[in-house]
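> A single structure is presented below for examination.
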Amino acid sequence: MDFLPDPIRTVLAFVLVLGVLVFFHELGHYLAARWRGVYVERFSVGFGRAIATWTDRQGTEWRIGWLPLGGYVKLHGQEQPADVPEEVRATWRPGQTFHEKSVGDRAIVVAAGPLANFILAAVMFGLLFMTVGRPSATTAIGTVQEGSAAASAGLLPGDRIVALDGQAMTRFEEVQRHVQPRAGTPIAVTVQREGAERTMTATPQARVTGETSVGVLGVGAAPADFERLDPFSALWAGTVQTADITRQTLAAVGQMIFGGRGADELGGPLRIAQMSGQVAELGIASLVSFMAVLSVNLALINLFPIPVLDGGHLMFYAAEAIRGRPLPPKAQEIGFRAGFALLITLFVFATWNDLSQLGVVRWATGLFG
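Laid out in structure tokens, this is it:
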């Protein structure tokens, strides 16, 4: 896409990225619903007025909305019977409505969306490992910044970090995770140099990113070698990569919640669009990798126990399974309203972060400064 003007490339990349992720998310719900005998009335990618629509042999309406910010699957009889007029209930298909299915069946249908995104991420990573190759695990140092903690400790390009504080290191990501929370704290760095191991002490310097201060050694990783894997090994490696990104994302969310990480890192649609355009310029492999990471994030966001999201529905179903009956309608209504308000708040906050990063807020306030 590097032959396109920046604005057009950004829009096209954003639509492609979000469209694919939303499609597979909703496809998970759709396939699970069909499996559990629920009739699907509509499958929509995008919101708003339809720019394309067709109906399949099962009677499901497929549509593409003009606003590519999400999607949905409309399940037959998803509403509670008490909330639906009698003349509408009379048109329901017996045995194919969502509300009459067991709590286990409903949970399967709801959980299938996030599960589809996890599977999509693993497959995408697997395809990359089959075609482009998997980066080899290494802790070799490629560059050492002048005046950095690493330079002061005597680390050199070509050294391979074996351990930090006695903990074995096999990937550069592990080195970063160990160093970042230890700004100003001496670290015992064991490296392999010319076939021999030696240990030296380095004190990570603090680097401020947004509202957060992280420790850095001042080293860059050596270029990785790429190894192409056979299909089975690639799929397994993709699954492991997906699990690793899931763990890292949950850790980052936990740090934001407990104050160990700045909430300014929380991004919304504008930042996703900007990054989509930038990544698309780097090539198809980078774009696929970016989509895989976003797919994991989309799955996790939907699994958060917030009413309105899939995780909120699963939380209600868990309560129903424990109680033997659904929560009172009033409690569910309050939960959904609170969840919707929380989502709107998060969306506004993330959009504010996006605008601040893009310099729009600074420009707007500067008009009157």
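Whatever position you read off the sequence shown (first residue = 1), add 5 for our numbering.
Note that CB positions come from ideal geometry on N, CA and C, so glycine has one too.
Source: prediction; values computed, not measured.
Entirely within the segment 66-103 and at least 3 residues each: give me those beta strand (DSSP E) ranges in chain order.
The DSSP assignment places complete beta strand (DSSP E) segments of no fewer than 3 residues inside the segment 66-103 at 66-80, in order along the chain.
> Within the segment 275-354, note down every full alpha helix (DSSP H) run reaching 4 residues or more, in order along the chain.
289-308, 315-328
> I'd like the list of long-range same chain contacts for phenylalanine 29, defined as Cβ closer than 7 Å, with 5 residues on each side in sequence excluded.
Ala121, Asn122, Leu125
> Could you check what DSSP says for proline 140 in three-state terms: helix, strand or coil?
strand
> Give the secondary structure of glutamine 172 by DSSP, where H, G and I count as helix, E and B as strand, and everything else as coil.
Strand at glutamine 172.
> Please state whether DSSP places glutamate 151 in a helix, a strand or coil.
Three-state result, glutamate 151: coil.
> Classify arginine 47 as helix, strand or coil using the three-state DSSP reduction.
strand
> Between the alpha carbons of leucine 305 and valine 114, how many angstroms are there, rounded?
16 Å
> What three-state label does DSSP hand glutamine 63 in the structure shown?
Three-state DSSP puts glutamine 63 in coil, outside helix and strand.
> In three-state terms, what does DSSP make of alanine 211?
strand
> Do you know offhand how far phenylalanine 295's Cα is from leucine 347's?
Approximately 27 Å between the Cα atoms of the pair.
> Counting along the chain, where does the beta strand (DSSP E) carrying arginine 182 start and finish?
From DSSP, arginine 182 is part of no beta strand (DSSP E) but of the alpha helix (DSSP H) over 177-184.
> To the nearest angstrom, report how far apart valine 221 and glutamine 150 are at their CA atoms.
11 Å
> Phenylalanine 177 and alanine 248 - do their beta-carbons sit closer together than 8 Å?
no
> Counting only beta-carbon atoms, is valine 16 nearer than 8 Å to chain C?
As a matter of chain content, chain C is missing from the structure shown, which is built from one protein chain.
> Rounded to whole angstroms, how far is the Cβ of glycine 243 from the Cβ of valine 137, which I believe are closer than 8 Å?
The Cβ separation is near 12 Å, so there is no contact.
> Ordered along the chain, which non-local residues of its own chain (more than five positions away) have a Cβ less than 8 Å from that of histidine 183?
Leu169, Asp170, Gln172, Met174, Ile192, listed in sequence order.
> Could you check where the beta strand (DSSP E) with alanine 193 kicks off and where it finishes?
192-198
> What distance in whole Å lies between the Cβ atoms of glycine 42 and leucine 101, which are believed to be in contact at a cut-off of 8 Å?
At residue 101 the sequence reads glutamine, which differs from the leucine that was named. About 6 Å separates the two Cβ atoms, so the contact holds.
> Who are alanine 57's beta bridge partners in DSSP?
Here alanine 57 is bridged, per DSSP, to Ile69.
> If you check the beta carbons only, do glycine 53 and glycine 76 fall under 8 Å apart?
no
> Closest by CA to arginine 198, which one among Ala142, Ala290, Ile166, Ser141?
Ile166
> What separation, rounded to the nearest whole angstrom, lies between the Cα atoms of arginine 367 and valine 353?
Unreliable positioning characterises arginine 367 in this predicted model, as indicated by a pLDDT of 46, which lies under 50. The coordinate reading is nonetheless provided below. Straight-line spacing of the CA atoms in arginine 367 and valine 353 works out to 17 Å.
> What three-state label does DSSP hand alanine 145 in the structure shown?
Here DSSP, grouped into helix, strand and coil, assigns alanine 145 to strand.
> Helix, strand or coil for serine 218, going by three-state DSSP, please let me know.
strand
> Going by DSSP, what residue range makes up the beta strand (DSSP E) through alanine 226?
224-226
> One question on the structure: do asparagine 302 and threonine 254 come within less than 8 Å of each other, judged by their Cβ atoms?
Taking a C-beta distance under 8 Å as the contact criterion, asparagine 302 and threonine 254 qualify as a contact pair.
> Could you give the DSSP three-state label for glutamate 105: helix, strand or coil?
coil
> For glutamate 202, which beta-bridge partners are listed by DSSP?
Per DSSP, Gln197.
> Would you kindly report the start and end of the unbroken alpha helix (DSSP H) that includes aspartate 230?
Careful: aspartate 230 lies outside any alpha helix (DSSP H) and carries neither H nor E.
> Does DSSP put arginine 41 in a helix, a strand or coil?
If DSSP states are grouped into helix, strand and coil, arginine 41 belongs with coil.
> Would a C-beta distance cut-off of 8 Å place valine 313 and glycine 288 closer than the cut-off?
no
> Mind checking phenylalanine 48: buried by the 16 CB within 10 Å criterion, or exposed?
buried
> Taking the alpha-carbon of glutamine 210 as reference, which of Trp59, Asp230, Gly189 has the nearest alpha-carbon?
Looking at the Cα atoms, Gly189 is the closest of the given residues.
> Taking the alpha helix (DSSP H) that glycine 259 falls in, what are its first and last residues?
236-262
> Which residues in the same chain have their Cβ closer than 6 Å to the Cβ of glycine 131, if we skip the five residues on either side of it in sequence?
Ala239, Leu240, Gly243
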